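S.K.: In my numbering, the protein residues as written are 1 to 139.
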């Protein structure tokens, strides 16, 4: 079969198999996650998945006791797609701690936010000002 050369963009490459989780976050943590996502130019789910991975690397920072529940007025649920390997670890941790998956994944995101400065990030988009000129061959 001949290859198409229509010139269309092919899209971004696959990130691999993902599993959807619904972390429960206190409102302040949710606001910090959304702010970080906006600064990096990524979706909440992508940043949330990175923060879960960061949290899994620092399980020792989990509080001794996690809340059994959050009230709807004090928290919010978020949709995050995490890698299958992280999903296995988060579910095992939730089972060991005898807590709901949403509470444990929210706590991991909170830990990840404390270490967000260590995450590799995107270079922010830079816009030309009137003082900047495009480079030419001579420059």
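We put the CB at the ideal spot given by N, CA and C, even for glycine.
Keep in mind the model is a prediction, meaning the values are calculated, not measured.
Can you check whether the CB of residue 106 is closer than 7 Å to the CB of residue 24?
M.R.: What you label residue 24 is simply residue 24 of the chain shown in a count that begins at 1. What you label residue 106 is simply residue 106 of the chain shown in a count that begins at 1. For residue 24 and residue 106, yes; Cβs fall inside 7 Å.
S.K.: Go ahead and pull the three-state DSSP assignment for residue 18.
M.R.: For the purposes of this step, residue 18 is taken as the residue at position 18 of the chain shown. Strand, per DSSP.
S.K.: Roughly how many angstroms lie between the CA atoms of residue 32 and residue 52, to the nearest whole one?
M.R.: Against the chain shown, residue 32 aligns to sequence position 32. Against the chain shown, residue 52 aligns to sequence position 52. Each residue's Cα considered, the two are about 14 Å apart.
S.K.: From 21, 64, 14, pick the residue whose C-alpha is nearest to that of residue 89; which is it?
M.R.: Numbered from 1 along the chain shown, position 89 holds the residue referred to as residue 89. Minimum Cα distance to residue 89 is reached at 21.
S.K.: Measure the Cβ-Cβ separation of residue 80 and residue 19 and say whether it is below 7 Å.
M.R.: As a first step, residue 80 is located in the chain shown; it is residue number 80 there, counting from the start. As a first step, residue 19 is located in the chain shown; it is residue number 19 there, counting from the start. In this structure, residue 19 does not lie closer than 7 Å to residue 80 by Cβ.
S.K.: Please say whether residue 36 and residue 47 have beta carbons closer to each other than 7 Å?
M.R.: Here residue 47 refers to the residue found at position 47 of the chain shown. Here residue 36 refers to the residue found at position 36 of the chain shown. In contact: residue 47 and residue 36 (Cβ atoms closer than 7 Å).
S.K.: Three-state secondary structure (DSSP) at residue 72?
M.R.: For the purposes of this step, residue 72 is taken as residue 72 along the chain shown, with counting starting at 1. Three-state result, residue 72: coil.
S.K.: Are there 16 or more other CB atoms within 10 angstroms of the CB of residue 49, so buried, or fewer, so exposed?
M.R.: Taking the first residue of the chain shown as 1, we reach residue 49 at position 49. Under this definition residue 49 is a buried residue.
S.K.: DSSP three-state call for residue 81: helix, strand or coil?
M.R.: For this step, residue 81 is matched to residue 81 along the chain shown. Of the three classes helix, strand and coil, the one that applies to residue 81 here is strand, per DSSP.
S.K.: Report the rounded CA-to-CA distance for residue 59 versus residue 110, giving the unit in angstroms.
M.R.: As a first step, residue 59 must be located in the chain shown, where it is residue number 59. As a first step, residue 110 must be located in the chain shown, where it is residue number 110. Their backbone Cα atoms lie some 11 Å apart in a straight line.
S.K.: Note down, in chain order, each residue of its chain lying with its Cβ closer than 7 Å to the Cβ of residue 45, except the 5 sequence neighbours on either side.
M.R.: Walking along the chain shown from the start, residue 45 turns up at place 45. Contacts found: 79, 80, 81.
S.K.: State the Cα-Cα distance for the pair residue 116 and residue 12, rounded to the nearest angstrom.
M.R.: Reading the chain shown from its first residue, position 116 is the one you call residue 116. Reading the chain shown from its first residue, position 12 is the one you call residue 12. If I take the Cα positions, the gap works out to 24 Å.
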